[in-house]
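Quick notes on the structure that follows.
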Amino acid sequence: MVSQEETKINGNSEFKGILSLIFGLISIFLSLSFWFGIGSLFFTSFAIPFAFAGIVLARSRLKKSPDATAKVGLTASVFGFLLNIASFVMFLVYFR
């Protein structure tokens, strides 16, 4: 039988996986805003904290047990971070 404490801990862990996915998607959206001309480079700089938070939350969740949501959140966060780095590089190349 599962105790209430274990349920509480596992519930928080599942929430970390969902949060990592949300933060990863936010970082992708913010990074793509530069590529599609919606936002400025300043706007895309907010993608980095969201990407790092998503990576940390996903890694924390994956240490407890494998979870598909956390894996997708980790992938999305890393992809958002790499898109943001590419945005900065493209900005430096085009506006030198």
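No gaps in the numbering here: position 85 of the sequence shown is 98 in the working numbering, and each next residue is one more. The beta-carbon is built from N, C-alpha and C at its ideal position, and this holds for glycine as well.
With 16 other Cβ atoms within 10 Å as the buried cut-off, status of residue i
{"i": "G67", "result": "buried"}
{"i": "S50", "result": "Here residue 50 turns out to be Gly, not Ser, going by the sequence shown. G50 is exposed by the Cβ-count criterion."}
{"i": "F55", "result": "exposed"}
{"i": "S125", "result": "Coverage of the chain is limited to positions 14 through 109, which leaves residue 125 absent and any answer about it impossible."}
Beta-carbon gap between residue i and residue j smaller than 8 Å
{"i": "S90", "j": "S40", "result": "yes"}
{"i": "F42", "j": "L70", "result": "no"}
{"i": "A64", "j": "G93", "result": "yes"}
{"i": "S33", "j": "K77", "result": "no"}
Given residue i as reference, the closest of the options once Cα atoms are compared
{"i": "A60", "options": "F101, T82, A81", "result": "F101"}
{"i": "F28", "options": "L87, Y107, T82, T57", "result": "T82"}
{"i": "S58", "options": "F108, N97, G86", "result": "N97"}
{"i": "F108", "options": "S46, S53, L38", "result": "S53"}
Opening and closing residue of the alpha helix (DSSP H) in which residue i lies
{"i": "I98", "result": "81 to 107"}
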